[in-house]
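In the order they appear, the protein sequences are chains A, B, C and D. Mind the numbering: the first sequence is residues 947 to 1378 in my numbering, read in order. Mind the numbering: the second sequence is residues 35 to 379 in my numbering, read in order. Mind the numbering: the third sequence is residues 14 to 310 in my numbering, read in order. Mind the numbering: the fourth sequence is residues 4 to 299 in my numbering, read in order.
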Amino acid sequence: MSFYNRRRFLTTTAGAAGALAVAGALGTPAFAQDRRVRHFWWGNPERDKRTFAVIDIFNGKNPGIVVEGETLGFADYFTKLTTQIAGGNMPDVIQMGYGVMFEYINNGAIVPLDDYVGKSLDVSKIDRSALDAGTVGGKLYAVSIGANSHVAMYNTRLYEAAGIKVGDNFDPFGWTYDDVARIGKAIKDATGVPGTDDNTADYQNFSDFVGQKGAAMFTDGQYTVPQEVVEEYWATWKMIRDAGATVPAEETAALAGVADLAQTGLVTGKSATSYAWSNQLVGAQALIEDRLGAAMYPNTPAMVPGSIVQPSQFVCLTRDSKDAEAATSYMSAFVNDLDMTKVLGLERGIPSQPDVRAALEPQLTDIEKVSVAFFDGIQGKTMLLPPPPPSGANEIEQTFERLAVEVLTGGRSPAEVAADFLQQASDIIARA
Amino acid sequence: MASVVLNDVRKAYGKHEVIHGVDLEVRSGEFMVLVGPSGCGKSTLLRMIAGLEEISDGLISIGGKVVNELPASQRNLSMVFQSYALYPHMSVRRNLAFGLSNLRMPRDEIERRVTEAARILQIGELMERKPRQLSGGQKQRVAIGRAIVREPQLFLFDEPLSNLDAELRVQMRVELANLYNRLGTTMIYVTHDQVEAMTMASRITVLNAGNIEQVGTPYELYNFPRNRFVATFIGSPKMNMLAASGGGTADFGAMGLPADVAHVGVRPEHLVLGSGVAGKVTLVEYLGSEIFVHLTLPSGQQLLAQADGKAQIRMGDAALVSFDAKAAHYFGADGTRLPLYDAAA
Amino acid sequence: MNRVIRKNLAGYAFLLPWLVGFLLLAIGPILFSLYLSFTKYNVINPPQWIGLDNYAYMFGRDARFRKALQVTFTFVAFAVPAKLVFALAVAMLLDKGIRAIGIYRALFYLPSILGGSIAVAILWRNLFNADGVVNTILGFVGIDGPAWLADPRYSLWTLIVLAVWQFGSPMLIFLAGLRAIPQELYEAAEIDAAGKVKQFFAITVPLLAPVIFFNLVLQMIEAFKSFSGAFIISGGSGAPLDSLLFYTVYLFNEAFSFLRMGYASALAWVLLAIIAAFTAIAFWTSKYWVHYEGERG
Amino acid sequence: MDAALTEPLALARSLRAAKAQRAKRAALLKHVFLIAASLVMIYPLLWMLASSFKPNNQIFGDPSLWPREVTWANYPEGWNGMAVSFGVFFRNSLFVTILSVIGNVLSCSFTAYAFARLEFTGKRLWFALMMMTLMIPYHVVLIPQYLTFLKLGWVDTYLPLIVPQFLAGDAFFIFLMVQFFRQLPRELDEAAMIDGCSPFKIYWAIIMPLSIPAIATAAIFSFIWTWDDFLGPLVYLNDVKDYTVPLALRMFNSQDSVTQYGQMFAMSILSLLPIFLFFIIFQRLIIRGIAMSGLK
């Protein structure tokens, strides 16, 4: 494309949506020869390159269908998607995360796939659990493109320096909060670096804890975490903090609600353990020199499972799709076609199709191996995926992160904050 | 050359009228000076003639043609502004040529006129300078040059000398007068300086609070002021004004005047020292060829008399003062002139 | 042709580009957002008319709305004057003939070029950490500084400092304004034995008044709408403890994170009303202190 | 020389010398202050610059400004790191930005001339409405605006980014120029009127040349803001090949995978260069300006 010959400057016909709109207005069919599918995802340079390559493969194998890739950073993805929803020109296939997706499903922005299953869309080999995660009210809405779980990432150099050894005095798949305090303290003493981040304001850890206590976040659309569990969670982390195992409370407070991997204690060298999602392992390793290890989130001595395995990302079909058949056939290839999935690798998480996993095995990098080993390790130690959260879950999470800072700074007593949080949570549900 | 005629011209800002129906004829080739105290509306009147200010009511004709609806550029006139309004980003040459090039005049004609103006005003060596590199007097010349290159039928001047120092002002006054004599174009010149008015004008229009008080030659205005305002405004130092009643004034006693005389005006040069009513000298201003003597009469009335420069009068002296009734001016209760001895004069 | 008609014709001819843009592209969306403010609109489904409910909720029950107002007002009250004073001081310093002046000018403008980029957010966090550069320097003089951004008591003030640090835009406008003041006026004042302070108040301020006024109004509007800094540094949420919950950050979250576009629109119109009121006050008082050279008194 | 005179003379001389000394010291002090202040101002840039030469895994663990090991790799890798080369993004950004600057300066000065210099019915109302467009939080008009451009069929083109700039879409510049235009003596317009200028000629030949500092200021802001803007390109451009630099820079940031910060910083540094060059060139126009002396 030359500087002077801006393909899209003065003509709107190239844009698929624009073309369709114009064509619709004129009542004449445009591009009768090509069936167009727009695929929109959030990513990063690496993922974008891989996905565009996959699109090329698909387009090569499927003459008559032209898939167009659109991509943005995560921070901007939903802003753009929101405007497109309003405009009625969402791309045909969009990437969705667990949680937000249900808002879209509940409101009809994402449409069921059942009509295409067994025809253009092949889900026969997809893991049952992954399909369940994309099913709401008995209808399949989303196909998983990568499984995910909570992971405690730790700096192996610091752990070793403090004499913490897996299988000896550290069980990455069965450690308790007391272990966290003990190990954290030991690392702090040995290296000067606090052993762990402080999860007082971490909603993911909190949600594990709720499960570990046998409670449920939501029951029949209501927020049903008992106040004692909230208080006990904060008391648990206070115990770890008081043991001298964590970064100072004020620094933890500074990061409450910040999702940026680059700011976690593990990456900035301010702690030896940070808590994240398993598909972030690769990204975190890229930011530090020391080798990373992967552990589950800690548990109580009772070892009731609290972590879940849930899809990190799905592909979904939107209500604005003009050619659902072409779109679903692309989605199908995206999760099944071995040529394509080979290019995608583990970049979006562990694939939910066994053939694909097997095909990937030989080409894994070190950190990908850690991540696969972690997934093997957590088998049988996770709980069943709860039903999809209702609208407002997202906001409750932010509220938790906001209020927990008061626990850290000692502004109000944990009991008061807990009561306030539960009140606000039920307000949010009522308003949503 | 064109005549300018104003018929019942009015100007109002909202409900506030500042020019109250002015009728005025400026003859072709005449140097008309508009004079008056500040805020009298003289600049507004000039700007209305120029087309820079809307006319609320009335008619303005230039060269026999009503120009009410004509924009300034089509009235074939030039204007020199108080601030000169030279274009700061253009050289002197461009400043002079700018208006001509807007008229799409041929290049050599522009060149001819600009050179001619530069010669007349002796600014030939300044042509490539920017206005900021010029002195006050030079800017003034350029501003005038810009006006004359267009060879208009009418020149308008808005207090063009007020930003100059005293010496330069006298010099430019002479040059302007020469320019007028050479070009003979109709000129309308606004000033608050009555010396400028007296020395340059063919005729003067005295304005006060949006009304014309009098139009006349400098001679007429000085010797036959139509009313008290003109009498005191024209002439420097000012005319002495004495309240009159019952045929005379309090200080000088009965003079056998008609009963309707309310004020008697005497110019300082018409007061005679050495005889008459006794007063006290409160201040003496020595000017060389003459002196100004400030007197206070027993009634408290202040007088200013002009005397020969050789007269030996000192502050604190007692002095006798009188005047010739024929040289005095007489005004009725409404301020208008009563032509008592006009025929004799 | 009538002169009045001709004047209007000229005026509207020059106004035309803006007028076309305003009527075609600007006013529609603005009015549409006003309409949305009376609806419940999650973007996915069509808006539903709910009358004044959004406004009632805002003024009646929404504690975060009040918090956002408080944060924003504090920010405006301190950041705007500080930034303006700083910008003017530096502009005056850089207006005079110092060696290498162009380089300084460029360096001082740099932070404003950086804008609200991710790099600035990361750096700002590093600077103001408990063990960041700022506290290291404070440590030299024996002050034990807190974690500036983490502590709700200091975080807003830290952000005010960030805003002041990016004083480049008003500085540039001041510079342009200062260039328009004739140097002779200062020379004349010098001869009149007016000191620097006197010169500043007798010449600089009155002649710069239109520019000062512009910067005041615009900085105020911008400060009320301030978004990027707080959004990026607080990770989008207004943390810690809502101490960085700027009005527009709250609005953005309502609109795009929680898909309450109707409520966000109502928030926007309340902010618009607040800004308009302050701007109107500024314009009204400007009659008393802003005089334009080009206009007859 | 008279003894009675030598003493005061010597005193006067020493006073003068002391004064010169003081001036020198003051200038030195000024420079010290300015250099210190400059350091504070550009610290983030230095940090970014340093980080662009660090391997990705040393950026956050190592707070020192000086890279432990210097690598140039971030530049070529960043340049080619995306699905589309950064050269394309730069070209797109330049295209949008240069057109926007031209559009902004022309259309906003045009409109400002109307508000500052011409009289017409409804002027105050239009002015107030123009100011209102500055006050509305833009996030809330994002969607309605998107719908408008969608109806026009302009989404997925550069039109929504450029056309508004030619329709005086940014009231900031209008107001800025109004304020500067109002400072110019009216008598210049009047002289020009008498010199036969139409309103357009006055705008073009008198007002514009005399407002070069204001126009340069507007051009600089317009350049920077358009260059930095990501919300417009974010919403209106769909094809990666059409993306602008800030949008591309934000794509480096990944929440669930590898973020190549070194490359991002390297490209950020490069993205600052056009702005910096533009600033250096245009700030001279602000400073040189036009001496208004003799007008006031």
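Quick reminder that beta carbons are idealized off the backbone N, C-alpha and C, glycines included.
Where residue i falls, given that 16 or more other Cβ within 10 Å makes a residue buried
i	result
residue 971(A)	Unreliable positioning characterises residue 971(A) in this predicted model, as indicated by a pLDDT of 41, which lies under 50. The coordinate reading is nonetheless provided below. Residue 971(A) comes out exposed.
residue 367(B)	exposed
residue 1250(A)	exposed
residue 967(A)	Unreliable placement is indicated for residue 967(A), whose pLDDT of 43 sits below 50; the coordinate value is still reported in the next sentence. Result: buried.
residue 19(C)	exposed
residue 149(D)	buried
residue 279(B)	exposed
residue 96(C)	buried
residue 349(B)	exposed
residue 977(A)	Its pLDDT being 47, under 50, residue 977(A) is placed unreliably by the model, and the measurement read from it follows with that caveat. Classification for residue 977(A): exposed.
residue 251(D)	buried
residue 44(C)	exposed
residue 302(C)	exposed
8 Å CB neighbourhood of residue i in its chain, flanking five on each side removed
i	result
residue 68(C)	50, 279 and 283
residue 214(D)	112, 180, 183, 184 and 187
Interface partners of residue i on chain C, CB under 7 Å
i	result
residue 144(D)	42, 43 and 46
Proximity to residue i [Cα-Cα], best of the options
i	options	result
residue 225(D)	34(D), 70(D), 112(D) and 209(D)	112(D)
residue 305(B)	354(B), 270(B), 318(B) and 164(B)	354(B)
residue 1045(A)	1065(A), 1259(A) and 1071(A)	1259(A)
residue 76(D)	266(D), 21(D) and 92(D)	266(D)
residue 363(B)	254(B), 58(B), 151(B) and 196(B)	254(B)
residue 312(C)	246(D), 151(D) and 252(D)	Coverage of chain C is limited to positions 14 through 310, which leaves residue 312(C) absent and any answer about it impossible.
residue 1053(A)	1074(A), 1337(A) and 1284(A)	1337(A)
residue 346(B)	323(B), 330(B) and 331(B)	323(B)
residue 987(A)	1267(A), 1020(A), 1002(A) and 1370(A)	1020(A)
residue 235(D)	93(D), 141(D) and 13(D)	141(D)
residue 1218(A)	1333(A), 1101(A), 1031(A) and 1187(A)	1101(A)
residue 202(B)	171(B), 188(B) and 178(B)	171(B)
residue 1140(A)	1186(A), 1111(A), 1193(A) and 1095(A)	1193(A)
Contact set for residue i: own chain, Cβ-Cβ below 7 Å, skip 5 residues either direction
i	result
residue 311(C)	No information on residue 311(C) is available, as it lies outside the stretch 14 to 310 that chain C covers here.
residue 974(A)	Interpretation of residue 974(A) is limited by its pLDDT of 38, a score under 50 that renders its predicted location unreliable; no figure is taken from the coordinates.
residue 61(D)	71
residue 305(C)	223
residue 237(B)	64, 66, 249, 250 and 251
residue 93(D)	248
Neighbour list for residue i in chain D, Cβ cutoff strictly below 8 Å
i	result
residue 133(B)	197, 198 and 199
residue 223(C)	182, 183, 185 and 186
residue 115(B)	190, 193 and 194
Residues near residue i by beta carbon distance below 6 Å, same chain, minus five either side
i	result
residue 180(B)	129 and 130
residue 231(C)	none
residue 222(D)	104, 108 and 285
residue 46(B)	90
7 Å Cβ cut-off: residues of chain D touching residue i
i	result
residue 312(C)	Residue numbering for chain C in the displayed model covers 14 to 310; residue 312(C) lies beyond these limits and cannot be assessed.
Where residue i meets chain C, residues with beta-carbon distance less than 9 Å
i	result
residue 1148(A)	Within 9 Å Cβ-Cβ: nothing; residue 1148(A) doesn't reach chain C, min ~13 Å.
Under 7 Å by beta carbon: chain B residues contacting residue i
i	result
residue 212(D)	123
### Query
Where in the stretch 97-170 of chain B do unbroken runs of the beta strand (DSSP E), each at least 3 residues long, occur, reported from the N-terminal end onward?
111-114
### Query
At which residue ranges does the stretch 196-282 of chain C contain complete beta strand (DSSP E) runs of 3 or more residues, listed in the order of the chain?
none
### Query
Enumerated in chain order, which unbroken segments of the alpha helix (DSSP H) with a length of 4 residues or greater are wholly contained in the stretch 1204-1267 of chain A?
1211-1214 and 1227-1233
### Task
Output the residue ranges of the alpha helix (DSSP H) runs that lie fully inside the stretch 245-300 of chain B and measure 4 residues or longer, sorted by chain position.
252-257 and 262-267
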